[in-house]
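Notes to accompany the following structure.
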Amino acid sequence: MKKKGQFYLLTTIIIVGLIFSCAAVINYSKGRNVINFDYLKEDSEVYFSGPYGEFVLSNSTTPIIFIAGGSGMAPIWSMLQHMVENKIERKTVYFFGALTQADIFYKKRLQSLSDDFDWFDFVPSLSNEEKNSNWSGERGLVTDVLKRLIPDTSK
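The sequence shown begins at 12 in the working numbering and counts up by one.
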């Protein structure tokens with residue numbers, strides 16, 4: 012049975028001088044996933060497998076600290092949606108690392124979650140944003156920001 016935070020692989024073989032395999036990670040949420048396979052030709056074989064992964068939301072009341080960057084957001088976004096849909100109000104802080112503002116996925120959606128739910132805080136951190144930009148949030152590596160804001164993660 013698929014749990015939020017797990018993923019599927021969609022793989023195909025493409026011949027462009029050499030044979031290689033291309034995989035796409037699908038993170039199922041609310042029955043909608045859009046994957047661009049414009050490079051596929053009609054009648055291409057595609058292999059679907061999964062679910063994979065044990066990165067799932069535990070049945071606990073312990074506070075959650077999520078840390079991710081880039082595409083690492085996929086399973087976390089899925090779990091956050093699950094928490095909202097199922098009214099799970101477990102204290103959660105999500106530290107997301109990106110290079111620049113343009114690299115923050117779902118920025119408005121995550122900020123809305125943070126504004127709408129007392130149990131959720133979104134802390135994006137930019138490691139390569141221009142110093143004179145309009146960014147007023149955290150700067151530096153996401154792990155350094157975590158250490159500064161929550162020095163003892165055991166509590």
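Ideal Cβ positions, reconstructed from N, Cα and C, are used throughout, including at glycine.
Does the beta-carbon of residue i have 16 or more other beta-carbons within 10 angstroms, so that it is buried, or is it exposed?
i      : result
LEU157 : buried
TYR58  : exposed
LEU68  : buried
ILE56  : It is Glu, not Ile, that sits at residue 56 in the sequence shown. Result: exposed.
ALA109 : buried
What are the partner residues of residue i, as DSSP defines its beta bridges?
i      : result
ALA109 : LEU137
VAL104 : ILE76 and ASP132
ARG150 : LEU137
So, helix, strand or coil for residue i, using DSSP?
i      : result
GLU96  : helix
SER165 : coil
SER69  : coil
ASP155 : helix
LYS52  : coil
SER82  : helix
ILE87  : helix
Between the C-alpha atoms of residue i and residue j, what's the straight-line distance to the nearest angstrom?
i      : j      : result
PHE77  : SER136 : 13 Å
PHE107 : ASN139 : 14 Å
GLY61  : LYS142 : 43 Å
SER144 : ILE115 : 15 Å
VAL104 : TRP88  : 12 Å
ASP163 : LYS98  : 28 Å
PRO74  : GLY80  : 20 Å
TYR117 : ASP54  : 34 Å
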